[in-house]
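Shown next, in structure tokens, is the structure this report addresses.
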Amino acid sequence: MPRVYHVAKTGCDQGKGTKDDPFLTINKAASVAMPGDTVIVHEGVYREWVKPKYKGLSNKRRITYQAAEGEKVVIKGSERIQNWEHVEGNVWKCQLPNSFFGDFNPYKEEIFGDWLVTIEETKHLGDVYLNGMSFYEVTSYDQLLDPPMRTEVMEFWSQIIVPVHYPEQTKYVWYAEVDNENTTIFANFQGANPNEEYVEINVRRSCFYPTETGIDYITVRGFEMAHAATPWVPPTADQPGLIGPNWSKGWIIENNIIHDAKCSAISIGKEISTGHHYRSIRKDKPGYLYQLESVFSARRNGWSKEKIGSHIIRNNVIYNCGQNGIVGHLGCVFSEIYNNHIYNIALKREFYGHEIAGIKLHAAIDVQIHHNRIHDCTLGLWLDWQTQGTRVSKNLFYNNNRDLFIEVSHGPYMVDHNILGSKYALDNMSQGGAYINNLIAGKMVHQKILERSTQYH
Numbered sequence: 078m079p080r081v082y083h084v085a086k087t088g089c090d091q092g093k094g095t096k097d098d099p100f101l102t103i104n105k106a107a108s109v110a111m112p113g114d115t116v117i118v119h120e121g122v123y124r125e126w127v128k129p130k131y132k133g134l135s136n137k138r139r140i141t142y143q144a145a146e147g148e149k150v151v152i153k154g155s156e157r158i159q160n161w162e163h164v165e166g167n168v169w170k171c172q173l174p175n176s177f178f179g180d181f182n183p184y185k186e187e188i189f190g191d192w193l194v195t196i197e198e199t200k201h202l203g204d205v206y207l208n209g210m211s212f213y214e215v216t217s218y219d220q221l222l223d224p225p226m227r228t229e230v231m232e233f234w235s236q237i238i239v240p241v242h243y244p245e246q247t248k249y250v251w252y253a254e255v256d257n258e259n260t261t262i263f264a265n266f267q268g269a270n271p272n273e274e275y276v277e278i279n280v281r282r283s284c285f286y287p288t289e290t291g292i293d294y295i296t297v298r299g300f301e302m303a304h305a306a307t308p309w310v311p312p313t314a315d316q317p318g319l320i321g322p323n324w325s326k327g328w329i330i331e332n333n334i335i336h337d338a339k340c341s342a343i344s345i346g347k348e349i350s351t352g353h354h355y356r357s358i359r360k361d362k363p364g365y366l367y368q369l370e371s372v373f374s375a376r377r378n379g380w381s382k383e384k385i386g387s388h389i390i391r392n393n394v395i396y397n398c399g400q401n402g403i404v405g406h407l408g409c410v411f412s413e414i415y416n417n418h419i420y421n422i423a424l425k426r427e428f429y430g431h432e433i434a435g436i437k438l439h440a441a442i443d444v445q446i447h448h449n450r451i452h453d454c455t456l457g458l459w460l461d462w463q464t465q466g467t468r469v470s471k472n473l474f475y476n477n478n479r480d481l482f483i484e485v486s487h488g489p490y491m492v493d494h495n496i497l498g499s500k501y502a503l504d505n506m507s508q509g510g511a512y513i514n515n516l517i518a519g520k521m522v523h524q525k526i527l528e529r530s531t532q533y534h
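My numbering puts the first residue of the sequence shown at 78, with every later residue one more than the last.
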């Protein structure tokens, strides 16, 4: 008999998980919820990384996690810090023992990996938030003292200067030092007292993400999720996000507000056994060869329609992420992505590589992407490598540096009834595409790439 578990900020993990005796943490419910069960989470901020333990068995026997109707439920990867010490001027610091972070310290973990281009300045997975606004990382203490307000920035792909969307934000900066015992975070709060304001820092890598693969048929509905220290996720590496199924089948992620992932918000990408940044670590051959190898490795390891993909991502609002709103490679196959509102992706431009877009998918095999609204991104939608059986339909793109990029693919794929409203509308570097009844307002670039082959499936 399916059960309904309740979670509330007034609860206790030693309770029964009923409405009258709720659990305190979502993870407690996740440790007992079985196929067919529902977990209802009541109003409040839950600072935890939810790690579902059990999988659903089919579309009819899912495990559902949902916010209580009419209640605001927030899952955060951050912690609030209230013990800041004044250093000088507008600069404050907080010192935390490394044990505060456990085995994952975002202020030690670097943004690193294949196809990352901006490697001359090391950036980290940490972040500081003042009343919800994220800061910029600087690489030395001296840069904290009098940071300038920047109004223009280089757009890496086109190599043109573009306006900064939020110039005032560029004056808010942070810097961290990590030794064997402590992590010290310095930040310029521009006159605000951080002990009197609401200040948070990144702590956890994810908000809702299984640690094991194969946790199938999960529904996540109605939450706000934010502040995850997610890593750089190229297609040749493990691809964790703020939320995602981790190489599973049949998830539904719907009606959520997801924001401020350091790199990627929703991941329907690959896992680690098929390769992890080998190009950057070994430096022995081009990354696209490791891309080829990861596809063959996935096949050998059991990747198939019966085990992977077929996810639904719908009706979400996704914004303020450093790399992607939605990312995936192989794990995204046979999925449907629709009615999502995605904006402000990679606008801070703290780092750049060839994996940044509102939606960035590799091997989007038989994926349907429709009725999404994507704007104010460095790139709206990027389909790369094995775009096969894919349909891009009835999406609205505008105010992006570029709207749509389809690269190194053999097709067939169809792009129909979309509005591409930005000045730079389309990069087409593929074969086998049919473009039908689109309204294209900007520049189109068509280019052949014949030196890289892609696998058929």
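Every residue, glycine too, gets a C-beta built ideally from N, C-alpha and C.
DSSP links residue 256 through a beta bridge to no other residue. By DSSP's assignment, residue 523 forms a beta bridge with 505. Counting only the Cα atoms, residue 278 lies some 16 Å from residue 269.
Collapsing the DSSP output to three states places residue 108 in coil. The C-beta distance from residue 125 to residue 145 rounds to 17 Å, too long to meet the 8 Å contact threshold. Proximity to residue 219 across 235, 309, 230, 166 peaks at 166, based on C-alpha coordinates. Spatial neighbours of residue 394 in its own chain (CB-CB distance under 6 Å, excluding positions within 5 residues in sequence) are listed in chain order as 334, 418.
Residue nearest to residue 402 within the set 340, 305, 378 is 340 (criterion: CA-CA distance).
Counting only runs of 4+ residues, the alpha helix (DSSP H) found wholly inside the segment 303-370 occupies 355-359, in chain order. In the same chain as residue 489, and ignoring 5 residues on each side of it, the C-beta atoms closer than 6 Å to its own belong to 509, in chain order. Cα atoms of residue 524 and residue 507: separation of roughly 8 Å, rounded to the nearest angstrom.
When secondary structure is reduced to three states using DSSP, residue 155 falls in the strand class.
Assigned with DSSP and collapsed to three states, residue 207 falls in strand. Cβ neighbours of residue 194 within its own chain (closer than 6 Å, five residues either side excluded): 429, 430.
Unbroken beta strand (DSSP E) stretches of 3 residues or longer found wholly inside the segment 239-291: 250-255, 259-265, 276-279, given in chain order. In this structure residue 400 is not in contact with residue 324, their Cβ atoms being roughly 19 Å apart against a cut-off of 8 Å.
In the three-state DSSP reduction, residue 514 falls in the coil class, being neither helix nor strand.
Within its own chain, the residues whose Cβ lies closer than 7 Å to the Cβ of residue 110, once the five positions on either side in sequence are excluded, are 82, 116, 131, 140, listed in chain order.
Of the candidates 520, 338, 449, 528, the residue whose Cα lies closest to the Cα of residue 235 is 520.
By the Cβ criterion, the segment 402-411 is in contact with the segment 381-392, since at least three pairs of Cβ atoms, one from each stretch, lie closer than 8 Å.
Each residue's CA atom was taken as its position, placing residue 456 and residue 479 some 5 Å apart. Taking 7 Å as the cut-off, the beta carbon of residue 410 is found no closer than this to the beta carbon of residue 532. Rounded to the nearest whole angstrom, the C-alpha separation of residue 494 and residue 464 is 18 Å. By DSSP's assignment, residue 401 forms a beta bridge with 341, 434. Our two residues, residue 322 and residue 286, have alpha carbons roughly 6 Å apart in a direct line.
Contact annotation: the segment 234-253 touches the segment 199-216, with at least three C-beta pairs closer than 8 Å.
Remark: C-beta atoms of residue 343 and residue 318 approach each other more closely than 7 Å. If you look at residue 220, you'll find it in the alpha helix (DSSP H) that goes 219-222.
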